[in-house]
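If you count by numbering that gives the first Met the number 0, then the sequence shown holds residues 0 to 394, one letter each, in order.
Working notes, structure below.
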Amino acid sequence: MSYHVDQNGYYGRFGGAFIPEMMYPNVDGLRNRYLEIIESEEFRKEYTDLLRDYVGRPSPLYYSNRLSEQYGAQIYLKREDLNHTGSHKINNTVGQILLAKRLGKKRIIAETGAGQHGVATATVCAREGLQCIVYMGALDVSRQAPNVEKMKMLGAEVRPVYSGNQTLKDATNEAIRDWINNPEDTHYIIGSVVGPHPYPDMVARFQAVISEEMRQQLKEKTGSELPNAVIACVGGGSNAAGAFYHFLDDEEVKLIAVEAAGKGVDTDESAATTALGKTGVLHGSKSLLMQTEDGQVIEPYSISAGLDYPGIGPMHANLYETGRAKFMSVTDEETLEAAYNLTEKEGIIPALESAHALAALEKLKFGPDEVVVVNISGRGDKDMETYLKHFRAKQ
Numbered sequence: 000m001s002y003h004v005d006q007n008g009y010y011g012r013f014g015g016a017f018i019p020e021m022m023y024p025n026v027d028g029l030r031n032r033y034l035e036i037i038e039s040e041e042f043r044k045e046y047t048d049l050l051r052d053y054v055g056r057p058s059p060l061y062y063s064n065r066l067s068e069q070y071g072a073q074i075y076l077k078r079e080d081l082n083h084t085g086s087h088k089i090n091n092t093v094g095q096i097l098l099a100k101r102l103g104k105k106r107i108i109a110e111t112g113a114g115q116h117g118v119a120t121a122t123v124c125a126r127e128g129l130q131c132i133v134y135m136g137a138l139d140v141s142r143q144a145p146n147v148e149k150m151k152m153l154g155a156e157v158r159p160v161y162s163g164n165q166t167l168k169d170a171t172n173e174a175i176r177d178w179i180n181n182p183e184d185t186h187y188i189i190g191s192v193v194g195p196h197p198y199p200d201m202v203a204r205f206q207a208v209i210s211e212e213m214r215q216q217l218k219e220k221t222g223s224e225l226p227n228a229v230i231a232c233v234g235g236g237s238n239a240a241g242a243f244y245h246f247l248d249d250e251e252v253k254l255i256a257v258e259a260a261g262k263g264v265d266t267d268e269s270a271a272t273t274a275l276g277k278t279g280v281l282h283g284s285k286s287l288l289m290q291t292e293d294g295q296v297i298e299p300y301s302i303s304a305g306l307d308y309p310g311i312g313p314m315h316a317n318l319y320e321t322g323r324a325k326f327m328s329v330t331d332e333e334t335l336e337a338a339y340n341l342t343e344k345e346g347i348i349p350a351l352e353s354a355h356a357l358a359a360l361e362k363l364k365f366g367p368d369e370v371v372v373v374n375i376s377g378r379g380d381k382d383m384e385t386y387l388k389h390f391r392a393k394q
């Protein structure tokens, strides 16, 4: 069985391009050329050089003595938080800005939730001297203020979105409307493995550098390219797609995706799509999403701005349905405890998104010789206000 996209843009029965007629020129132009461009030798060299010299790759694969002792397994942390701009998001934006240049685009738009993708997009636009507009839910603008200021300093225009729940879904809606109205000169840098084909495949390919490095680094450190398990958080699912990508066909490697349960999957405040969702279409692709009986999208909730998306990418929906990946969820409180634990034991403050992956360790059992890699997708600077609020409440 293949877990990769087919020629029509589907992962099993999920994926495709469910888009209005006005959007076809944009998506067709991209679909017809993206593989030719990103697989060319010239593109690969420029992309690889920038990942090394600008992003700072390879990111370290760090063996955590104290987490290994605590959980009784050999635990490694893939340090995407040490990338330039502080998260894995930069891998994709570097790739897409190089693609946009080759497509002749002069104007870049993006959406962002936690702000990490917005900062990464603003950063590569600054480097290339391109106009950058970032759509962001008004609620996220208020709870991710440091990243908003960074985007503005980098020259981007941040447009708050006041519709809906004022979070990532609503920002994505506005970015799509902008793209439809500006098909000639604008490229839309989607930050996750969502949206119409080819975005889920294209973003996964740019993020696949994470698992490509993991294999090489594990070979050096353990003698084997294959871990027993890889754990990553999932909202839309870009960091998990990258962490899983080069292990998809190695069935002996357990792939564990961790969703945000928020205040619990039995409450009205959750973002655990596989627990609460069903098949539907959102932002141009068929996947699993949280919706009412009559198909209205349910507003998700998570303490983490990067995970409160009401669906998962089609690749992840297929991994869930086929059983190739194990999906689980952790609550806000479990996430905060995991974040404080890593901070105290290893001196690493993770992003709230990444802390969801760490929290899964409490619920899993591994043998003492089993090798487990946890993808630390971003650093916690942007979440400091949330951390301090809860930390003070504990005192």
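Heads up, the beta-carbon is just placed ideally off N, CA and C, and yes, glycines get one too.
All values reported here derive from a predicted model rather than from experimental measurement.
- If you draw a straight line from the Cα of Val252 to the Cα of Glu224, it is about 10 Å long.
- Nearest C-alpha to Ala358 among Asn172, Gly261, Thr120: Gly261.
- Residue pairing by DSSP places Ala259 opposite Val329 in a beta bridge.
- Between the beta-carbon of Leu247 and that of His3 there is about 7 Å, and that keeps the pair under the 8 Å contact cut.
- Three or more beta-carbon pairs separated by less than 8 Å link the region 328 to 348 to the region 65 to 73, which places the two stretches in contact.
- Note: Ser286 is bridge-paired with Gly279 in the DSSP secondary-structure output.
- Rounded to the nearest angstrom, the gap between the Cα atoms of Arg51 and Thr266 is 44 Å.
- The Cβ atoms of Ala356 and Ser376 lie closer than 9 Å to each other.
- In the DSSP assignment, Glu156 falls within the beta strand (DSSP E) that extends over 156 to 160.
- In this structure, Ile209 sits near Glu79, with a CB-CB distance shorter than 9 Å.
- Here Asn164 carries a coil assignment [DSSP, helix/strand/coil].
- Of the residues Ala170, Thr47, Ala239, the one whose Cα lies closest to the Cα of Ala203 is Ala239.
- Here the C-alpha atom of Gly294 lies approximately 8 Å from the C-alpha atom of Gly279.
- For Glu110, there is no enclosing alpha helix (DSSP H); the enclosing beta strand (DSSP E) has its first and last residue at 106 to 111.
- Here the region 213 to 221 makes no contact with the region 89 to 97; the two share fewer than three CB pairs at distances below 8 Å.
- Between Gly305 and Ala350, the CB-CB gap stays under 9 Å.
- A direct Cα-to-Cα measurement between Leu138 and Gln165 gives close to 5 Å.
- Check the Cα spacing between Val370 and each of Tyr319, Ile74, Leu60, Gln206: the tightest is with Ile74.
- It is roughly 19 Å from the alpha-carbon of Met314 to the alpha-carbon of Gln95.
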